[in-house]
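For the sequence shown, the positions run 1 to 177 when UniProt numbering is used. Backbone N, C-alpha and C define an ideal beta-carbon position, used for all residues, glycine too. This structure is a prediction, so every number in the text was calculated from the model and none was measured.
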Amino acid sequence: MEKKEGALRLLTSGEIGLAKSVFGGSIIYGKVWVHHDSYFPFGLQNRNTAMSPNGELYFRDWYVPDFSKEGYSHKHLFIHEMVHVWQYQRGMWVKTRGLYSWLANYSYELDGSKLLKNYAMEQQAQIVADYHLLTSSGYAVWRNRFGKEVTYNGHDYADVRKVKEKYEKVLVGFPYK
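What follows is the structure in structure tokens.
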């Protein structure tokens, strides 16, 4: 792993493949740069915080040369940040909304009455990343990551069928054309 901050690269072919498994062709992958650096000047971005305010990814301590070759924690973080790229490329004011993300609630419930677009910016990213973890790594991993990566607040978490149905209802039509 590159330890020295300041590296800049495009997405790897593995990362593009990982992202395409979630977003299909809805992201312009050739415009996505990955920074091993702070978005803020003078290294003011928290070392354990990833950011994607402008359609590019900024990692400090979580940076790796290829997220597609890492474990589920890195992949979850990568998909979460790629949701912000997707939001940015669709016209959401990610930078402005991100100013308040320290106040944002990343937790969510899937009550069946809302679509993804009806959730807040960080909740959207969590829903997509959590669902990807569930479908790519399985229920046991998803359940084991509660309170860590997974921020689902439903009381029916023990019923994998119900949980999957709720995600699929919220994500109907995603990633939208």
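Euclidean distance between Cα positions of residue i and residue j
i	j	result
Y63	E149	17 Å
Y131	K164	8 Å
K169	D61	35 Å
L115	G154	16 Å
S73	F174	23 Å
T12	P65	8 Å
R143	V34	29 Å
E70	D156	30 Å
Y139	K75	16 Å
S107	T151	5 Å
E109	L10	34 Å
G43	E5	10 Å
G24	L133	17 Å
E15	N46	24 Å
G147	D159	18 Å
R145	K20	23 Å
Q123	G30	26 Å
Q126	K3	27 Å
Close Cβ partners of residue i (< 6 Å) along its chain, the five nearest in sequence each way excluded
i	result
F78	F67
S52	E81, H84 and V85
Contacting residues, own chain, Cβ-Cβ under 7 Å from residue i (five flanking each side not counted)
i	result
Q89	I27, I28 and G55
A7	H36
According to DSSP, residues forming a beta bridge with residue i
i	result
R143	Beta-bridge pairing links R143 to no other residue.
L8	H35
Y167	DSSP, once it has assigned bridges, lists no residue as partnering Y167.
M51	Y58
Y176	DSSP lists no partner for Y176.
Y152	Y108
Integer-rounded CB distance, given that residue j should sit under 8 Å from residue i
i	j	result
A50	F40	At roughly 13 Å, the Cβ-Cβ gap does not stay under 8 Å, so A50 and F40 are not in contact.
L57	V32	7 Å
K162	G112	No, K162 and G112 are not in contact; Cβ-Cβ is about 10 Å, not under 8 Å.
N-terminal and C-terminal residue of the beta strand (DSSP E) that residue i is part of
i	result
Y58	L57 to F59
Residue i: first and last residue of the uninterrupted alpha helix (DSSP H) it sits in
i	result
D159	First-last for D159: undefined, no H or E at that position.
Y108	First-last for Y108: undefined, no H or E at that position.
Residues near residue i in its chain [Cβ-Cβ closer than 8 Å; skip 5 each side]
i	result
S38	E5, L44, Q45, Y58 and R60
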